[in-house]
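Undergrad:
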Amino acid sequence: MGFNSIYFYDSLRSGIQYLPNTFQLTFIPIVIALILGTVIAVIRVYRIPFLAPLLVVLITLYQGIPLVVALMIYHLLFIAEFNDFAAALHLDTSMADINLIWIGIFALSLQATCYMEESIKGAFFSVDKGQYEAGYSVGLTKLQTLRRIIIPQVIPVALPMLTNNIVGAIKGSSIVMVIGITEVLAGSVIPSSKTYAFFEGYIAAALIYWIFTILVEKIAARIEKRGDKYRRNLV
Amino acid sequence: MVDLFDWKRFFTNIPQIVAYLPVTLKIVFYATLFGVILALLVAVIRIKKIPILHQAAGIYVSFMRGTPMLVQLLVVFYGIPILMQQLFNINVNRWDKIIFVYITYILNQGAFLSEIFRCSILAVPTGQLEAAYSVGLTQFQAFRRIILPQAVRVAVPSFGSDFIGLFQNTSLAFLIGVVDIMGRAKTIGTATKHVLEAYVFIAILFIIISLLVKGAFYLLDKKLAYGR
Numbered sequence: 001m002g003f004n005s006i007y008f009y010d011s012l013r014s015g016i017q018y019l020p021n022t023f024q025l026t027f028i029p030i031v032i033a034l035i036l037g038t039v040i041a042v043i044r045v046y047r048i049p050f051l052a053p054l055l056v057v058l059i060t061l062y063q064g065i066p067l068v069v070a071l072m073i074y075h076l077l078f079i080a081e082f083n084d085f086a087a088a089l090h091l092d093t094s095m096a097d098i099n100l101i102w103i104g105i106f107a108l109s110l111q112a113t114c115y116m117e118e119s120i121k122g123a124f125f126s127v128d129k130g131q132y133e134a135g136y137s138v139g140l141t142k143l144q145t146l147r148r149i150i151i152p153q154v155i156p157v158a159l160p161m162l163t164n165n166i167v168g169a170i171k172g173s174s175i176v177m178v179i180g181i182t183e184v185l186a187g188s189v190i191p192s193s194k195t196y197a198f199f200e201g202y203i204a205a206a207l208i209y210w211i212f213t214i215l216v217e218k219i220a221a222r223i224e225k226r227g228d229k230y231r232r233n234l235v
Numbered sequence: 236m237v238d239l240f241d242w243k244r245f246f247t248n249i250p251q252i253v254a255y256l257p258v259t260l261k262i263v264f265y266a267t268l269f270g271v272i273l274a275l276l277v278a279v280i281r282i283k284k285i286p287i288l289h290q291a292a293g294i295y296v297s298f299m300r301g302t303p304m305l306v307q308l309l310v311v312f313y314g315i316p317i318l319m320q321q322l323f324n325i326n327v328n329r330w331d332k333i334i335f336v337y338i339t340y341i342l343n344q345g346a347f348l349s350e351i352f353r354c355s356i357l358a359v360p361t362g363q364l365e366a367a368y369s370v371g372l373t374q375f376q377a378f379r380r381i382i383l384p385q386a387v388r389v390a391v392p393s394f395g396s397d398f399i400g401l402f403q404n405t406s407l408a409f410l411i412g413v414v415d416i417m418g419r420a421k422t423i424g425t426a427t428k429h430v431l432e433a434y435v436f437i438a439i440l441f442i443i444i445s446l447l448v449k450g451a452f453y454l455l456d457k458k459l460a461y462g463r
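In order, the protein sequences belong to chains A and B. Numbering-wise, this note's numbering puts 200 at position 200 of the first sequence, and it's gapless, one number per residue. Numbering-wise, this note's numbering puts 267 at position 32 of the second sequence, and it's gapless, one number per residue.
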């Protein structure tokens, strides 16, 4: 027993091959979460009756469920119900045609939406109320005020939180391994199943994730710096 | 759908799963207790900028924050036996698997909490420390009486969300074969071929726990908001 660098390189190479899957599992949920999260945040900011309290309850409850548990439940439901579901809709697809990665993307999207909504809502509340009033007072409609006045001020506040959410999504994507999706973590140990060098395999996976998250943070820091140029300090 | 989810099975599962809740609580307890001690150590090292240790602590925190919990758990699970064998010639095959879980979660919490502590201590204005020195308090007195009470107030909300995250992360322990509530659900699944009820119950259990923790930290936060 010991550290075998040849096995380590094999695992590293194998893990990197599955990076596209991890990209999919990270960025598709992030984009969905951005859209849904913004819509829900706006609903909550404007306190739309019935819808706003309902969404608050749903999000608070859903945030309590660990990703593994949600993933297991969706996977079970998918296995048990998909064929009936497709038959009911007269679709000509069977379970085998669906890539399991979509269950992972579904679960990760829902989770990311909850976290994203929280950050976007926080960013919305950081904009002063007077900004809305100023918008209305010069004759802008609600939507115009939102688009031209509020959202440009929300973005710089939301960016650092967005980075945190992306890093969280990268890390969360490793959990989909439990339902048999091959991404970086599962990919890194494919060579290990022949050699029993699991330690080297997992170290390789850790290294890939580490570099990936550091890169994301570095890029985000650059973008934030660029955004700061356009922020005037009034005080 | 009738065969997929059955309320009778759901209710017979409840006592079987709740019996394993102490395993989960133990993980949270040890991870928080030793995690806080480790985190304080790391936070002090990083604030005081002690050479070599400071850089090592930086790498440790970056690694723990930049890699998934699951990967850390697996690295510890497969790495510790090799390390022990190489360094001390100790065979750890007989160790209970939960020990690896404790080690991982303590290391993970140590890193995350150290960042929370460090930021909260640095959030207290330097003037407060200077004021404390100027009335003749020693360094330790100034830290304990002036800095700490203010830093705790800043740290409580982040500590709360970290604590909820820790609870949720314990659900990964079953992946290395520890029988906690998730592990029990899995064994129920292999025994009865019906596992959906067990997972639904666990989801409800986690929701209740997270609401309780959120409520507790909300009250704590309110109580600590003296003078605001």
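In this text, a Cβ means the ideal position worked out from N, Cα and C, and glycines have one as well. Source: prediction; values computed, not measured.
In its own chain, which residues sit with a C-beta less than 7 Å from the C-beta of Q17 (chain A), not counting the 5 before and 5 after it?
TA: G187
Undergrad: From A86 (chain A) to G135 (chain A), what does the alpha carbon distance come to, in whole angstroms?
TA: 49 Å
Undergrad: Decide if V237 (chain B) is buried, meaning its Cβ has at least 16 other Cβ atoms within 10 Å, or exposed.
TA: The pLDDT assigned to V237 (chain B) is 49, lower than 50, so where the model puts this residue is not dependable, and the model offers no usable value.
Undergrad: If we call anything under 8 Å between Cβ atoms a contact, is S185 (chain B) one with V296 (chain B)?
TA: This structure cannot speak to residue 185 (chain B), because chain B is shown only from 236 to 463.
Undergrad: At the level of alpha carbons, what is the spacing between I333 (chain B) and V253 (chain B)?
TA: 18 Å
Undergrad: Using 8 Å as the limit for Cβ to Cβ distance, is S406 (chain B) near chain A?
TA: yes
Undergrad: Would L234 (chain A) be called buried (16 or more neighbouring beta carbons within 10 Å of its own) or exposed?
TA: Reliability fails at L234 (chain A), whose pLDDT of 48 lies under 50, so the model's placement of it is uncertain and no value is given.
Undergrad: Let's test the definition: count the other Cβ atoms within 10 Å of the Cβ of I219 (chain A) and tell me whether it reaches 16, buried, or not, exposed.
TA: exposed
Undergrad: Counting pairs of Cβ atoms below 8 Å between the region 356-372 of chain B and the region 413-422 of chain B, do you hit three or more?
TA: no
Undergrad: Under DSSP, the alpha helix (DSSP H) around A134 (chain A) begins and ends at which residues?
TA: A134 (chain A) -> alpha helix (DSSP H) spans 129-137.
Undergrad: Apart from the five residues on each side of it in sequence, which residues of its chain come closer than 6 Å, Cβ to Cβ, to T259 (chain B)?
TA: T405, D415, I416
Undergrad: What residue does the alpha helix (DSSP H) around S94 (chain A) start on, and which one ends it?
TA: S94 (chain A) -> no alpha helix (DSSP H), and no H or E assigned at all.
Undergrad: Can you give the Cα-Cα distance for S369 (chain B) and Q376 (chain B), rounded to whole angstroms?
TA: 12 Å
Undergrad: Go through its chain and collect everything with a Cβ distance to E224 (chain A)'s Cβ below 6 Å, but skip five positions before and after it.
TA: Same-chain partners within the cutoff: L159.
Undergrad: Pick out whichever of B:G301, B:T339, B:H289 has its Cα sitting closest to the Cα of E217 (chain A).
TA: Per the Cα distances, B:G301.
Undergrad: State the Cα-Cα distance for the pair M177 (chain A) and L143 (chain A), rounded to the nearest angstrom.
TA: For M177 (chain A) and L143 (chain A), the gap between their C-alpha atoms comes out near 42 Å.
Undergrad: Identify whether N83 (chain A) lies in helix, strand or coil by the three-state DSSP scheme.
TA: Correct three-state label for N83 (chain A): helix.
Undergrad: Count the C-beta pairs between the region 393-411 of chain B and the region 61-74 of chain A that are closer than 8 Å, then say yes if the count reaches three, no if not.
TA: With a cut-off of 8 Å on Cβ pairs, the region 393-411 of chain B is in contact with the region 61-74 of chain A, counting three or more such pairs.
Undergrad: Determine the DSSP secondary structure at A254 (chain B), reduced to helix, strand or coil.
TA: coil
Undergrad: In whole angstroms, give me the CA-to-CA distance for S193 (chain A) and L383 (chain B).
TA: 50 Å
Undergrad: Could you spell out the range, first to last residue, of the alpha helix (DSSP H) harbouring K428 (chain B)?
TA: Careful: K428 (chain B) lies outside any alpha helix (DSSP H) and carries neither H nor E.
Undergrad: Given I466 (chain B), which residues of its chain have a CB within under 7 Å of its CB, disregarding the five upstream and five downstream residues?
TA: Any question about residue 466 (chain B) goes unanswered here, given that chain B covers just 236 to 463.
Undergrad: With distances taken between CB atoms, is the gap from V127 (chain A) to V167 (chain A) smaller than 8 Å?
TA: no
Undergrad: Under a Cβ-count criterion, where at least 16 other Cβ atoms within 10 Å of its own Cβ denotes burial, should F246 (chain B) be classed as buried or exposed?
TA: exposed
Undergrad: What is the residue span of the alpha helix (DSSP H) that T405 (chain B) lies within?
TA: Counting along the chain, T405 (chain B) falls outside any alpha helix (DSSP H), and DSSP gives it neither H nor E.
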